[in-house]
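Down below is the structure, laid out as structure tokens.
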Amino acid sequence: MAQSSPGERSAKTYLYYRHKLPIRVMHWINVIALTILLMSGLNIFSAHPALYWGQSSYNGRAPILQIGSATDANDNIVGMTRVFGHSFVTTGVLGASKGSDGELMDRAFPSWLTIPNGRWLSMARQWHLFFAWLFVINGLCYVAYSIISRHLSRDLAPTGGELRSIGQSVVDHVHFRHPSGEDSKRYNVLQKIAYLIVIFVLLPLVILMGLAMSPGFDTVWPGWVDIFGGRQSARTIHFTVAWLLVAFVLIHVFEVIITGVWNNLRSMITGRYRVDTEVSNESP
Amino acid sequence: MNRLRFHPGRRLFFRALAGAGAVVLAGCDKLSRTQWFPKFLGNTEILTRKAQRTVMSRNSMAQEFPESARSPEFRSNGTAMPNNAQYKALAAGGFGAYRLEVGGLVEKPASFSLEELRAMPSRTQITRHDCVEGWSAIGKWKGVPLTAVLERVQPTAAARYAVFHCADPMENDGTSPYYESIDMDDAHHPQTILAYELNDKTLPIPNGAPIRLRVERQLGYKHAKYVMRIELVDSFEKIAGGRGGYWEDQGYEWYAGI
Chain X
612 MAQSSPGERS AKTYLYYRHK LPIRVMHWIN VIALTILLMS GLNIFSAHPA LYWGQSSYNG
672 RAPILQIGSA TDANDNIVGM TRVFGHSFVT TGVLGASKGS DGELMDRAFP SWLTIPNGRW
732 LSMARQWHLF FAWLFVINGL CYVAYSIISR HLSRDLAPTG GELRSIGQSV VDHVHFRHPS
792 GEDSKRYNVL QKIAYLIVIF VLLPLVILMG LAMSPGFDTV WPGWVDIFGG RQSARTIHFT
852 VAWLLVAFVL IHVFEVIITG VWNNLRSMIT GRYRVDTEVS NESP
Chain L
206 MNRLRFHPGR RLFFRALAGA GAVVLAGCDK LSRTQWFPKF LGNTEILTRK AQRTVMSRNS
266 MAQEFPESAR SPEFRSNGTA MPNNAQYKAL AAGGFGAYRL EVGGLVEKPA SFSLEELRAM
326 PSRTQITRHD CVEGWSAIGK WKGVPLTAVL ERVQPTAAAR YAVFHCADPM ENDGTSPYYE
386 SIDMDDAHHP QTILAYELND KTLPIPNGAP IRLRVERQLG YKHAKYVMRI ELVDSFEKIA
446 GGRGGYWEDQ GYEWYAGI
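From first to last, the protein sequence lines are chains X and L. With the numbering used here applied, the first sequence closes on residue 895, and no number is skipped along the way. With the numbering used here applied, the second sequence closes on residue 463, and no number is skipped along the way.
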């Protein structure tokens, strides 16, 4: 943390009520739901570890992505991943990884990344669909609350001035320079844009692509899935967006850590965020 | 850059976090093996069915495709040849001796030969088959609408489900015959057919000859192959595992619309 040098500046520190209770509750419900959705989703994916583009999986074209295993000359199991026609050996992570007994076994994603740990499609679907409902209801509550409480317009919508300062914000982020003092009470412009993209693009898209895989939901307006390339394309998009969300979470957690992990965590638990303002004594 | 350094407290924190994660994961696995937790999670099936039936109309149609979208070969999944002597004898005779029995809660129980089924009104549809595993295949199916068969036997007012009893045993010792069930909404749906042709040819054995159910608004495991008998019931609780189908008895959802 930046220290003020005595004599020149004196720091004023106070706790600012940054996150209201509904936001905090919905944030943590989302953390639980998305984690379980990802891990149970990877178990579901493992039942047919290949992705295609188009309406069906059997259209004469090779899968875009395929995770599988083979045995080498010494009868050892080897994990193989093929992406756009290029094959990679991915033993230990993809295609073949160690189970709880320490033995290599044939599985798309390692057991520690999936719920349940072992191959169990019906149970993974139960987890996935339950938490999908929780996630959707929580998300709808969040959007409704954000509009009504003006969280969206006040805290998330970037101002014109902020949008013009994107360049500076990018430079600041690259140098790990983060707003401090009074400025730290607000989201910065890159943060706002990232949140808005996640809330209004990625999350709705991942839900819609999940629904696109439902033969029941597809009958609501027959053919709507073709807008996204067909059911198998929808499955591919669902999988891809899930990993984009993982990328977002990694960046989000990284920013949380480097801008003061305890302060940030406290503000998302109790709502209170410590603000260090530096009051200059030089002014006349 | 001082704030980026990993001091011991922080390292401990992340170690604790990883440990907590492992404990939670093990907990998830334990929960999966209890009786009550899957049952609790399973409540979403009711929510999903009700929600889908609300946004879908009773006769909402599954997408139908042009000939060009057909998969070069229609994948056979699960049983490719029922391990059943009676079935094998029927197959050897080109299913000439096959009779589809329809009974249970009906006014006029009846049985139908393949010839009789072929002589009834037919429907041809090119549809997408979505397996619960995640893959899809597109095929052209021809068959008799189930509703036409039901019209002949006249289900009573008490009939709530149609149960399909199949020829393929799911255990190596020849037990656990495959079965499935659908409700009357799906039974009377225009795209619900008893298919006897796939891609303009007599339905092959790996795809369910001589009769395979098509329930286009649900996942693949509902589309029972090798259908021998249809039974109209008011409840499937007393049939096999009591959950309405072979895969349902293994923990899959009865309503497979998602």
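From the three backbone atoms N, C-alpha and C, an ideal C-beta is built for every residue, glycine too. Remember, predicted model here, so these are calculated numbers, not experimental data.
Consider the Cβ of residue i: report whether some Cβ of chain L lies at a distance smaller than 8 angstroms.
i        : result
X/Asn670 : yes
X/Ile655 : yes
X/Glu830 : Sequence inspection shows Thr at residue 830 of chain X; the Glu mentioned does not correspond to that position. For X/Thr830, the answer is yes, since a Cβ of chain L falls inside 8 angstroms of its Cβ.
X/Ala684 : no
X/Ala644 : no
X/Leu740 : yes
X/Asn875 : no
X/Asn641 : no
X/Trp854 : no
X/Trp723 : yes
X/Ser616 : Low per-residue confidence applies at X/Ser616: pLDDT is 46, beneath 50, and the placement is therefore not dependable enough to give any value.
X/Pro633 : no
X/Phe839 : no
X/Asn749 : no
X/Pro833 : yes
I want to verify the contact list: residues of chain A whose CB lies under 7 angstroms from the CB of residue i, in sequence order.
i        : result
X/Met734 : The structure shown has no chain A; the protein chains it does contain are X and L.
Using a C-beta cutoff of 8 angstroms, does residue i count as contacting chain X?
i        : result
L/Val337 : yes
L/Ile331 : no
L/Asp234 : yes
L/Ser381 : no
L/Ser341 : yes
L/Gln240 : no
L/Val260 : yes
Using a threshold of 8 angstroms, state whether the C-beta atoms of residue i and residue j are closer than that.
i        : j        : result
L/Leu322 : L/Thr397 : no
L/Val260 : X/Val694 : no
X/Gly690 : X/Thr682 : no
L/Pro360 : L/Val311 : yes
L/Tyr154 : L/Met375 : Only positions 206 to 463 of chain L appear in this structure, which leaves residue 154 of chain L out of reach.
L/Ile331 : L/Phe270 : yes
L/Ile410 : L/Ala367 : no
L/His334 : L/Gly348 : no
L/Ile463 : X/Gly827 : yes
L/Ala353 : L/Pro314 : no
X/Ala644 : X/Phe742 : yes
X/Val800 : X/Ser825 : no
X/Leu745 : X/Ile640 : yes
When you compare only the Cα positions, how much space is there between residue i and residue j?
i        : j        : result
L/Gln291 : L/Lys427 : 23 angstroms
X/Gly706 : X/Arg761 : 47 angstroms
X/Asn687 : X/Asn670 : 33 angstroms
L/Ala285 : L/Gly339 : 19 angstroms
X/Ser708 : X/Pro721 : 5 angstroms
X/Ser698 : X/Ala719 : 15 angstroms
X/Ala904 : X/Leu662 : The question about residue 904 of chain X has no answer here: the residues shown for chain X are numbered 612 through 895.
X/Met716 : X/Trp723 : 13 angstroms
X/Val852 : X/Gly821 : 11 angstroms
X/Leu813 : X/Val860 : 12 angstroms
X/Arg730 : X/His786 : 44 angstroms
L/Ala225 : X/Asn728 : 16 angstroms
L/Pro243 : L/Leu236 : 8 angstroms
X/Tyr625 : X/Gly778 : 31 angstroms
X/Arg788 : L/Ala231 : 39 angstroms
X/Ile848 : L/Ala296 : 43 angstroms
X/Asp829 : X/Val636 : 33 angstroms
X/Gly696 : X/Ala673 : 8 angstroms
In this structure, how does DSSP classify residue i when only helix, strand and coil are distinguished?
i        : result
L/Thr253 : helix
L/Cys371 : strand
L/Ala429 : coil
X/Val886 : strand
L/Pro415 : coil
L/Ile398 : strand
X/Leu767 : helix
X/Gly897 : There is simply no residue 897 of chain X to check, as chain X begins at 612 and stops at 895 in what is shown.
L/Lys347 : strand
X/Tyr625 : strand
X/His630 : coil
L/Phe317 : strand
X/Ser791 : coil
Assuming residue i contacts residue j under a Cβ cut-off of 8 angstroms, what Cβ separation, rounded to an integer in Å, is found between them?
i        : j        : result
X/His739 : X/Gly841 : No, X/His739 and X/Gly841 are not in contact; Cβ-Cβ is about 22 angstroms, not under 8 angstroms.
L/Glu458 : L/Leu418 : Actually they are not in contact, since the Cβ atoms of L/Glu458 and L/Leu418 sit about 17 angstroms apart, beyond 8 angstroms.
L/Asn404 : L/Cys336 : Not really, about 18 angstroms apart at Cβ, beyond 8 angstroms.
X/Ala735 : X/Ile655 : 5 angstroms
X/Tyr628 : X/Gly882 : 5 angstroms
L/Ile416 : L/Leu437 : Contact flag wrong, Cβ pair sits at about 17 angstroms.
The ligand HEM and residue i: does the residue's C-beta get closer than 7 angstroms to at least one heavy atom of that ligand?
i        : result
L/Ala363 : Of ligands this structure carries none, so the ligand HEM is not represented either.
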